[in-house]
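Shown next, in structure tokens, is the structure this report addresses.
Right, here's the structure in full:
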């Protein structure tokens, strides 16, 4: 019995040097990623600017990255996903301070949803890219990335759920990315933790803090070998505490005073 956890990728990337004490793996939906990469390579700079509402500089960078995309993923231009993504969720996860056994556990029980790769294991090699899941990029399967990925993403998550012996899927991803999962076809229930900041007696979700807390929760699961929904209630990183009166079976709520870090 265990839990499988999913998170979103990050727009910010770190492709600096890495001394990796583990063997990298290859994305399992690489053929599909290659096909999507071919579609993206046909886009112009102005296409990327309008598709993802990017600045001129980011549109140029995105264009250049797709022109350089190599489906073979040589290690010189690739990096394991969990070390390459550098946004708030990944600062919360803080893989640099995670011991090797926990990294190995993450490889079994943590998955990253991706607009280009579909589903990634933490040590899967990726190349630098920007392709948000909500992008309306016409492709052979439909008008957007949800049409391209939903069937494959859901099937692969179900396979991973079976391999892990998971009894639930913990959703620490954003709404945009989790829409790529057909929850009606999942073999287990979904648990979506909610993180709120308390101030003046009121609790509310603050996006910046919630993103980081999702990464902390993912770390908590793999580092503490959390095996069921009840185990999530012990999460207490960065001052968060489980709040039973605000929670239900599918949405455990955690709150903290807003000035706590």
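In the numbering used here, the protein residues as written are 45 to 305.
C-beta: ideal position from N, C-alpha, C; glycine also.
Minimum Cβ-Cβ distance from residue i to chain D less than 9 angstroms
{"i": "residue 230", "result": "Among the chains of the structure shown, chain D does not appear; only one protein chain is present."}
Distance, residue j Cα to residue i Cα
{"i": "residue 104", "j": "residue 54", "result": "18 angstroms"}
{"i": "residue 158", "j": "residue 290", "result": "31 angstroms"}
{"i": "residue 101", "j": "residue 107", "result": "10 angstroms"}
{"i": "residue 140", "j": "residue 207", "result": "26 angstroms"}
{"i": "residue 266", "j": "residue 205", "result": "15 angstroms"}
{"i": "residue 119", "j": "residue 61", "result": "11 angstroms"}
Anticipated Cβ contact below 8 angstroms, residue i with residue j, distance rounded
{"i": "residue 69", "j": "residue 152", "result": "That pair is no contact at about 12 angstroms."}
{"i": "residue 200", "j": "residue 234", "result": "Contact doesn't hold; Cβ gap of about 16 angstroms is too wide."}
{"i": "residue 65", "j": "residue 144", "result": "6 angstroms"}
Neighbourhood of residue i by C-beta distance below 6 angstroms, restricted to the same chain and skipping five residues each side
{"i": "residue 183", "result": "83, 192"}
{"i": "residue 301", "result": "242"}
{"i": "residue 198", "result": "225, 226, 229"}
{"i": "residue 175", "result": "159, 160"}
Close-in-space but distant-in-sequence residues of the same chain around residue i (CB under 7 angstroms, 5 per side omitted)
{"i": "residue 45", "result": "209, 211, 271, 272"}
{"i": "residue 252", "result": "132"}
{"i": "residue 262", "result": "49, 51, 137, 154, 216"}
Per-residue DSSP class, three states only, for residue i
{"i": "residue 64", "result": "coil"}
{"i": "residue 292", "result": "strand"}
{"i": "residue 145", "result": "helix"}
{"i": "residue 155", "result": "strand"}
{"i": "residue 215", "result": "strand"}
{"i": "residue 160", "result": "coil"}
{"i": "residue 133", "result": "helix"}
Own chain partners of residue i with C-beta closer than 8 angstroms, once the 5 adjacent residues on each side are dropped
{"i": "residue 294", "result": "233, 234, 235, 236"}
Checklist entry - Are there three or more Cβ pairs, one per stretch, closer than 8 angstroms when the region 76-90 is compared with the region 123-133? => result no
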